[in-house]
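Q: Chains as they are written, first to last, in the numbering used here: chain X, 10 to 283; chain Y, 10 to 283; chain S, 10 to 283; chain V, 10 to 283; chain B, 10 to 283; chain F, 10 to 283. Using N, Cα and C, we set each Cβ at its ideal position, and we do this for glycine too. Please see the structure below; I have some questions.
There are 6 protein chains.
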Amino acid sequence: MPALHPKHIHGIEGQDPLWERIREETRIAIAGEAILASFMHATILHHEELESALSFHLANQLDSPSASSMMLRDVFLEAFSSDETTRRAIRDDLNAVLERDSACHEYHLPFLYFKGFHALQIHRVGHWLWQQGRHSLALFLQSRMAQKFAIDIHPAAILGHGILLDHGSGLVVGETAVVGNRVSILQSVTLGGTGKVDGDRHPKIGDGVLISAGAKILGNIRVGEGAKVGAGSVVLKDVPPHTTVAGVPARVVGVPTSENPALDMDHDFPESDW
Amino acid sequence: MPALHPKHIHGIEGQDPLWERIREETRIAIAGEAILASFMHATILHHEELESALSFHLANQLDSPSASSMMLRDVFLEAFSSDETTRRAIRDDLNAVLERDSACHEYHLPFLYFKGFHALQIHRVGHWLWQQGRHSLALFLQSRMAQKFAIDIHPAAILGHGILLDHGSGLVVGETAVVGNRVSILQSVTLGGTGKVDGDRHPKIGDGVLISAGAKILGNIRVGEGAKVGAGSVVLKDVPPHTTVAGVPARVVGVPTSENPALDMDHDFPESDW
Amino acid sequence: MPALHPKHIHGIEGQDPLWERIREETRIAIAGEAILASFMHATILHHEELESALSFHLANQLDSPSASSMMLRDVFLEAFSSDETTRRAIRDDLNAVLERDSACHEYHLPFLYFKGFHALQIHRVGHWLWQQGRHSLALFLQSRMAQKFAIDIHPAAILGHGILLDHGSGLVVGETAVVGNRVSILQSVTLGGTGKVDGDRHPKIGDGVLISAGAKILGNIRVGEGAKVGAGSVVLKDVPPHTTVAGVPARVVGVPTSENPALDMDHDFPESDW
Amino acid sequence: MPALHPKHIHGIEGQDPLWERIREETRIAIAGEAILASFMHATILHHEELESALSFHLANQLDSPSASSMMLRDVFLEAFSSDETTRRAIRDDLNAVLERDSACHEYHLPFLYFKGFHALQIHRVGHWLWQQGRHSLALFLQSRMAQKFAIDIHPAAILGHGILLDHGSGLVVGETAVVGNRVSILQSVTLGGTGKVDGDRHPKIGDGVLISAGAKILGNIRVGEGAKVGAGSVVLKDVPPHTTVAGVPARVVGVPTSENPALDMDHDFPESDW
Amino acid sequence: MPALHPKHIHGIEGQDPLWERIREETRIAIAGEAILASFMHATILHHEELESALSFHLANQLDSPSASSMMLRDVFLEAFSSDETTRRAIRDDLNAVLERDSACHEYHLPFLYFKGFHALQIHRVGHWLWQQGRHSLALFLQSRMAQKFAIDIHPAAILGHGILLDHGSGLVVGETAVVGNRVSILQSVTLGGTGKVDGDRHPKIGDGVLISAGAKILGNIRVGEGAKVGAGSVVLKDVPPHTTVAGVPARVVGVPTSENPALDMDHDFPESDW
Amino acid sequence: MPALHPKHIHGIEGQDPLWERIREETRIAIAGEAILASFMHATILHHEELESALSFHLANQLDSPSASSMMLRDVFLEAFSSDETTRRAIRDDLNAVLERDSACHEYHLPFLYFKGFHALQIHRVGHWLWQQGRHSLALFLQSRMAQKFAIDIHPAAILGHGILLDHGSGLVVGETAVVGNRVSILQSVTLGGTGKVDGDRHPKIGDGVLISAGAKILGNIRVGEGAKVGAGSVVLKDVPPHTTVAGVPARVVGVPTSENPALDMDHDFPESDW
């Protein structure tokens with residue numbers, strides 16, 4: 010099936026083509042693999058709405074004696090129903106996976122399986138709690154996410170729409186970090202602070218930025234829009250927009266081949282000036 | 010006890026000396042530690058054959074409301090019983106740990122405890138499913154593995170025999186990656202793609218290669234047999250056989266001191282030409 | 010509430026101000042968030058002593074069909090009650106978080122939520138078992154810790170007091186590693202061996218050292234007291250005391266701005282001599 | 010605390026004195042028993058409304074791999090919110106326990122602990138499903154109830170308000186049974202059918218009837234209002250109103266000492282005419 | 010759908026019409042109730058054969074930390090595959106429910122939901138184990154059955170084919186009891202011993218007997234074929250064939266209206282001679 | 010093995026022959042049945058003392074999200090260690106099974122499997138709590154026992170030593186009931202109250218009494234020592250010592266053949282005077 014038209018991702022004329030697509034994909038998957046029928050029925054087909062299903066699936070994964078899935082689901086549903094921004098972000102994030110991950114051509118795959126997507130949505134709920142002053146519960150969710158997915162995002166961090174956390178293991182995002190829209194972040198990346206001072210001490214990442222695997226970006230610095238951070242780089246100072254940086258410590262090594270490197274997922278970088 | 014003779018790893022004259030050894034080691038361990046008796050009986054001594062025990066142990070670890078251990082175990086048993094190659098690979102992988110991990114002198118330790126070994130065997134089953142077109146279930150297994158072990162191997166990736174995934178946390182292996190025989194890969198390594206194009210876009214790793222901790226190898230490039238990739242390196246172009254590369258981006262910095270650096274696990278590399 | 014006076018961390022005149030503080034913080038948190046009341050009552054308020062609560066909480070997190078929480082708790086309680094050093098270390102480690110983590114101002118947060126803290130305390134119990142020759146159970150705990158937290162510390166490794174494992178995901182510490190007091194270690198760090206020889210083959214880290222995110226320190230080398238290892242560095246040879254090293258491979262790039270970089274958590278480093 | 014005024018059981022002026030009472034009793038219980046604080050917070054204090062708490066508690070008890078607590082809770086909540094009759098019945102049933110059980114003086118006790126009360130409310134939901142033609146799910150709930158509580162009530166059976174199922178173990182109520190209001194039924198009672206014919210074949214129990222422990226009432230017979238059925242009786246034909254029957258088979262042995270023997274719970278009966 | 014022809018219950022020409030029927034009924038049930046789709050897929054549709062499904066379902070219900078569902082399922086499968094008699098008995102018992110329970114017109118209902126049926130099949134496995142001298146495991150199964158279903162059948166007891174344990178709660182069957190074919194036993198029945206002597210001390214129940222709710226039959230006595238035991242009776246001496254007994258203690262009160270009272274399920278009995 | 014000498018049941022010269030016997034029996038059982046090895050190691054062999062094992066086993070069975078096994082075990086251990094009477098009673102109750110149950114010749118069987126024994130020991134702990142005014146927790150334990158075992162004993166009820174609750178399903182014992190020493194009670198028995206008055210309203214059962222299956226004893230009446238209550242009887246008035254009563258309602262029908270009918274377990278009774 011072709012990808013959905015971007016306009017349809019957030020619904021059209023009271024319909025939800027994205028959720029319909031996910032259900033249709035799921036029906037096909039079940040037909041081919043009886044072992045998964047039980048899981049897919051409970052998680053997808055049982056639910057009339059995407060938000061009902063997502064809250065069910067996330068709560069199921071975070072279930073523990075410390076906080077039952079029933080309790081957690083109430084929190085997720087409350088967040089999704091009271092916050093239109095989050096509902097839009099969920100769909101933009103799903104779209105981002107299809108748009109950028111060459112190995113993924115079906116919407117139900119990130120919905121069911123990609124822990125980067127799951128952690129991101131849990132963060133969105135945690136951030137919504139944090140904004141309302143419910144810090145304890147937000148920190149609890151962060152802790153469960155870190156333990157379950159090895160992805161550690163402080164609930165105060167601000168993340169835009171259309172984010173792809175690819176694979177995600179080892180990702181750390183600090184309290185005062187800000188990430189723009191349409192950003193792609195690979196595994197083992199750190200957006201970390203430096204020093205012990207309170208206050209604004211984590212990176213600000215512009216729109217469309219690509220951060221390759223294992224990059225560490227440290228301190229209250231700015232990575233300009235459309236920039237690319239090479240794999241394994243350690244970035245300690247500002248990165249100008251639309252430049253490529255790489256190395257330990259990172260230096261400007263070139264210019265990305267497109268406006269939005271996050272969408273191209275081209276992790277190569279020139280070595281000529283080394 | 011001395012290591013088993015390599016010829017005996019895959020059985021001899023209808024006997025299975027490896028499984029006998031594992032059971033014997035386990036009996037000794039139980040005698041010294043009553044707390045583990047329950048676990049070791051259920052996981053090892055209860056089983057007449059290695060494959061029965063391994064399917065039990067892996068299913069136990071992946072058990073979730075989404076797919077019960079009983080269902081998963083049927084899949085593992087089916088794979089192990091129908092695929093002689095996988096059965097041989099399991100034994101070669103166990104042997105690889107004993108051969109190369111200085112801290113490990115007993116076969117039951119990786120069998121019971123090493124998540125790199127567990128993830129590798131789950132991948133082998135996932136890959137067997139993938140080859141039969143059962144992509145849904147293969148992706149489900151990948152997802153459970155990624156969540157449980159923080160090890161993310163696409164089921165289409167082709168891995169040889171005698172692989173050591175040491176520690177394993179943070180490992181990512183992409184869809185079209187190919188890994189030869191007798192390769193050692195440390196934690197936080199990425200064998201990743203670059204760009205959004207479909208098709209062959211991940212690294213090809215030759216026999217006997219050693220990939221040290223945190224190395225990122227990106228794109229459809231070739232790491233020649235007997236090569237060594239230094240810790241923290243970012244490899245963006247082909248690596249000739251029997252060379253050592255290191256750095257961000259990686260350059261040739263020398264020649265490994267042996268034919269098969271994977272077997273030596275010598276992670277040092279010269280800095281002379283920096 | 011202001012931080013506790015360091016003298017009071019280990020108790021004063023038969024009182025335990027630290028545990029009282031944690032309980033008081035918890036009562037305040039419950040008042041603001043009913044969803045967590047159940048968890049916090051069971052984990053904190055139900056317990057008269059810190060060690061009772063910590064053993065309960067850790068056992069709860071490691072609970073599995075392989076070893077029930079009840080069994081594990083007996084082991085933790087035995088270790089905590091028979092080993093005064095461990096009891097002191099727990100308190101020093103809690104204090105280290107408050108002292109160095111700008112985002113954390115309450116003692117109950119690391120106690121309940123920080124997986125670096127949890128893994129560290131499980132290691133302390135595992136190490137206590139290892140010293141008594143109970144290697145099987147120590148390796149079992151290591152395995153559970155690695156699976157649950159993506160933190161892998163060999164039980165033979167020797168870790169001092171006042172350690173901060175910040176975030177922790179991806180950390181690997183080898184068998185013969187030694188870590189001094191007041192050390193801070195970020196996520197994705199490796200203190201690894203090199204070569205296949207048995208015996209002493211892992212790093213020795215001096216007091217007050219700061220190891221930034223993603224650094225790999227390999228081999229039986231010495232990182233001198235008060236040194237700083239930059240993010241993403243690969244360290245293959247000795248680091249003199251009170252120097253800053255960075256790069257792949259790492260070189261001396263400067264001098265930390267304080268005696269104890271671990272306490273400052275300043276991850277910046279100069280690039281001037283590159 | 011004195012019992013609530015009957016008028017207040019169903020709420021008064023937008024208030025819910027019953028739920029407030031249950032919460033108040035629970036706060037007192039927690040103050041005296043820290044071990045239960047966790048359970049009581051999650052089950053009572055966390056919930057603003059009785060129906061939210063009851064659906065949570067019942068779902069928790071019926072949770073199984075076959076149907077998760079999250080799924081079941083949605084069903085309970087749907088029934089409670091769409092059916093005012095059920096909401097009234099819940100309160101009448103709670104009141105019945107306080108009114109008739111000499112050992113029980115607090116409303117939170119049946120709410121939390123009495124399996125007769127729990128089974129009765131599950132039946133009410135099952136009956137609501139049955140009436141809508143959702144027979145499969147109704148039978149599923151019956152099955153879970155029978156397994157969990159040893160109480161087996163066919164979802165088609167019609168039960169009135171203010172029912173006390175005291176202890177409840179072994180109770181069986183058949184498909185076409187009808188039970189009036191203010192009835193008390195002890196443990197091991199059967200309201201069973203006789204013969205294989207379809208159609209109306211189970212007892213009809215009038216208002217205010219008391220059925221003592223172990224009584225078996227079989228066939229489409231009528232037990233008149235205000236009647237009393239002695240313990241261990243086997244009733245095979247109609248029982249006139251306001252009479253006491255006893256024996257195997259049961260005969261009229263006297264007249265109850267009150268209008269509503271169900272409220273008196275007087276299980277004695279005369280032997281004079283034997 | 011009409012009941013299956015009795016000849017087809019055990020399969021015909023390599024086909025298994027009973028299993029096909031159960032699957033067809035289940036597909037219809039799923040179409041009407043999405044909540045059960047997950048459970049029914051996992052328990053019925055996922056399985057090619059009745060025995061595979063039944064072993065899965067029973068193991069799921071007996072799952073506990075003491076013996077995992079995976080272990081138990083192996084035992085059930087072994088019993089079902091090695092014992093043709095048991096396979097026939099399962100089908101006869103299913104047929105007995107349809108034949109005699111007026112409230113049940115579908116084969117999948119007892120298969121999925123009726124605890125009397127489940128306990129009976131677990132007993133069949135336990136008895137098979139007992140016959141092979143595996144008394145420990147047989148007693149373990151009895152214990153799990155008693156706890157889970159409140160049905161307690163000693164594994165040495167011999168039960169025929171086509172048995173209906175209706176509702177089942179409270180049933181106790183002793184070690185040397187023997188039950189013939191086509192017997193119906195209601196809830197709270199005891200087939201008990203008397204005295205402390207070892208050896209044969211429990212009842213022998215003939216073919217076609219009906220034992221009504223709450224009857225206690227005690228001692229090594231014989232209930233002749235086609236007899237009926239009234240509800241609540243206490244039987245202490247032999248019952249001639251084709252007679253009805255009732256009372257405490259039981260006396261002959263008449264003659265059943267059919268050859269096989271177990272098939273008619275007519276629980277009425279005459280009182281004339283009292 | 011012969012039964013232990015009664016003098017040795019409570020220990021002799023600092024030894025605990027009963028616990029040694031149970032462990033020895035368990036070792037033999039394991040040797041014959043590998044499937045149970047895991048369970049038996051965790052529950053018996055892992056424990057140095059009977060009380061440690063029993064608290065572990067009971068807590069395991071009552072484990073639920075409402076109160077974890079860890080919490081419950083602390084309560085059981087506290088009761089067993091602070092109350093010598095309970096410790097003696099446990100042993101007397103175990104001995105009672107061996108002494109009276111013809112089907113049971115090994116001490117580990119009731120310890121591991123008999124729910125009557127388990128419920129009785131949970132009651133002993135609940136009663137200990139009740140006596141200290143911890144009514145909430147005592148009622149919680151009663152509720153868990155009723156749900157898990159279908160055995161419902163009010164924690165205020167006073168039970169003597171050497172009690173056999175045979176099978177146990179359906180047993181109900183009321184608040185002010187008192188049961189003497191060396192009493193045997195079969196399944197489905199009720200020791201119930203009558204009327205709604207507070208205060209003393211349940212039966213008092215003398216030493217050595219045998220209460221057969223299904224008997225209902227109602228009201229503040231006295232069953233004299235050495236009396237026997239026939240199966241299915243309904244007892245509404247005092248029973249003289251050393252008499253046999255039976256019927257609905259019960260009448261004196263004879264005299265037991267021994268001083269302590271509870272020890273003989275002879276459930277027969279004469280019908281001559283009916």
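Which term fits P270/F, buried or exposed, when burial requires 16 or more other beta carbons within 10 angstroms of its beta carbon?
A: As a working mapping, residue 270/F is identified with position 261 in the sixth sequence. The residue in question, P270/F, is buried, as its Cβ has 16 or more Cβ neighbours within 10 Å.
Q: According to DSSP, is W283/B helix, strand or coil?
A: By 1-based counting over the fifth sequence, the position of residue 283/B is 274. Here the model assigns W283/B a pLDDT of 43, short of 50, so the residue's position is not dependable, and the following value carries that caveat. Coil.
Q: From the DSSP output, in three-state form, read off R231/X for me.
A: Here residue 231/X refers to the residue found at position 222 when the first sequence is read from its first residue. R231/X falls in the strand class under three-state DSSP.
Q: Have a look at E115/F, S221/F, R30/F and flag the residue whose alpha-carbon is nearest the alpha-carbon of G256/F.
A: Counted from its first residue, the sixth sequence places residue 256/F at position 247. When each option's Cα is compared against that of G256/F, the closest is S221/F.
Q: Between R191/Y and D110/Y, what straight-line distance do the alpha-carbon atoms span, to the nearest angstrom?
A: Taking the first residue of the second sequence as 1, we reach residue 191/Y at position 182. Taking the first residue of the second sequence as 1, we reach residue 110/Y at position 101. Looking at the two C-alpha atoms, the distance is approximately 13 Å.
Q: Are three or more beta carbon pairs between the region 162-174 of chain S and the region 239-251 of chain Y nearer than 8 Å?
A: Segments in contact, no.
Q: Contact defined as beta carbons within less than 8 Å: I believe G228/V pairs with H251/V. What is the distance between those atoms, to the nearest angstrom?
A: Sequence index remark: in the fourth sequence, residue 228/V carries index 219 (1-based). Sequence index remark: in the fourth sequence, residue 251/V carries index 242 (1-based). The Cβ separation is near 21 Å, so there is no contact.
Q: Whose Cβ in chain S lies nearer than 9 Å to the Cβ of V187/X?
A: Position 178 of the first sequence, counting from 1, holds the residue named residue 187/X. None at all; the shortest Cβ gap to chain S is about 15 Å.
Q: Express the C-alpha separation of S61/F and G202/Y in angstroms, rounding to a whole number.
A: On the second sequence, position 193 is the one that residue 202/Y refers to. On the sixth sequence, position 52 is the one that residue 61/F refers to. So the two alpha carbons sit approximately 56 Å from each other.
Q: Comparing the C-beta of E268/S with each C-beta of chain X, is any distance below 7 Å?
A: Position 259 of the third sequence, counting from 1, holds the residue named residue 268/S. It does not; no Cβ of chain X falls within 7 Å.
Q: Can you tell me whether D275/V is helix, strand or coil according to DSSP?
A: On the fourth sequence, residue 275/V is found 266 positions in, with the first residue counted as 1. Note: D275/V maps to coil in three-state DSSP.
Q: With a threshold of 8 Å, are at least 3 pairs of Cβ atoms found where one atom belongs to the region 15-27 of chain B and the other to the region 98-116 of chain B?
A: Segments in contact, yes.
Q: Flag H117/B as yes if its beta-carbon sits less than 7 Å from any beta-carbon of chain X, otherwise no.
A: By 1-based counting over the fifth sequence, the position of residue 117/B is 108. By this cut-off, H117/B is not an interface position.
Q: Nearest by alpha-carbon distance to P279/S: which of V264/S, F158/S, A165/S is it?
A: Here the question's residue 279/S lines up with position 270 in the third sequence. For P279/S, the nearest C-alpha among the options comes from V264/S.
Q: Determine which residues share a DSSP beta bridge with A255/Y and list them.
A: Locating residue 255/Y in the second sequence gives position 246, counting from the first residue. According to DSSP, A255/Y bridges with R260/Y.
Q: Can you say whether P15/Y is buried or exposed, counting buried as having 16 or more other CB atoms within 10 angstroms of its CB?
A: The sequence position of residue 15/Y within the second sequence is 6, counting from 1. Counting Cβ neighbours within 10 Å, P15/Y comes out exposed, since fewer than 16 surround it.
Q: Which value, in whole angstroms, describes the spacing of the CA atoms of D216/X and A38/B?
A: Numbered from its first residue, the first sequence carries residue 216/X at position 207. Numbered from its first residue, the fifth sequence carries residue 38/B at position 29. If I take the Cα positions, the gap works out to 50 Å.
Q: With C-beta atoms as the reference, is V182/V less than 7 Å away from A224/V?
A: On the fourth sequence, position 173 is the one that residue 182/V refers to. On the fourth sequence, position 215 is the one that residue 224/V refers to. No. Outside cutoff.
Q: Quick check on M10/V: buried or exposed, where buried means 16 or more other Cβ atoms within 10 Å of its Cβ?
A: For this step, residue 10/V is matched to residue 1 along the fourth sequence. So M10/V ends up on the exposed side.
Q: At a cut-off of 6 Å, is T203/Y close to the ligand NAD when judged by its beta-carbon and the heavy atoms of the ligand?
A: Looking for the ligand NAD in the displayed structure turns up nothing, as the structure carries no ligands at all.
Q: Hey, is Q140/S's beta-carbon within less than 7 Å of any beta-carbon in chain D?
A: Here chain D cannot be found, since the structure's protein chains are X, Y, S, V, B and F.
Q: Return the residues of the region 153-172 of chain F that lie within a Cβ-Cβ distance of less than 7 Å from chain V, sorted by chain order.
A: Within the region 153-172 of chain F, the qualifying residues are A155, Q156, A159, D161, H163.
Q: Should D161/B be labelled buried (16 or more other beta-carbon atoms within 10 Å of its own) or exposed?
A: Within the fifth sequence, the letter at position 152 stands for residue 161/B. Result: buried.
Q: Out of E87/B, P258/B, A76/B, F89/B, point me to the one whose CA is closest to M49/F's CA.
A: As a working mapping, residue 49/F is identified with position 40 in the sixth sequence. Nearest of E87/B, P258/B, A76/B, F89/B to M49/F, Cα basis: A76/B.
Q: For G125/S, would you say it is in contact with chain X, using Cβ-to-Cβ distances shorter than 7 Å as the test?
A: Reading the third sequence from its first residue, position 116 is the one you call residue 125/S. Chain X contact via Cβ: absent.
Q: Pick out whichever of F126/F, R260/F, Q151/F has its Cα sitting closest to the Cα of L138/F.
A: Your numbering for residue 138/F matches position 129 in the sixth sequence. Per the Cα distances, Q151/F.
Q: Taking the DSSP output, what are the residues bridged to V188/F?
A: What you label residue 188/F is simply residue 179 of the sixth sequence in a count that begins at 1. V188/F is bridged to L168/F, I214/F.
Q: Work out the CA separation of A68/F and L45/Y for me, nearest whole Å.
A: Taking the second sequence and counting its residues from 1, one reaches residue 45/Y at position 36. Taking the sixth sequence and counting its residues from 1, one reaches residue 68/F at position 59. Taking the straight line joining both Cα atoms gives about 19 Å.
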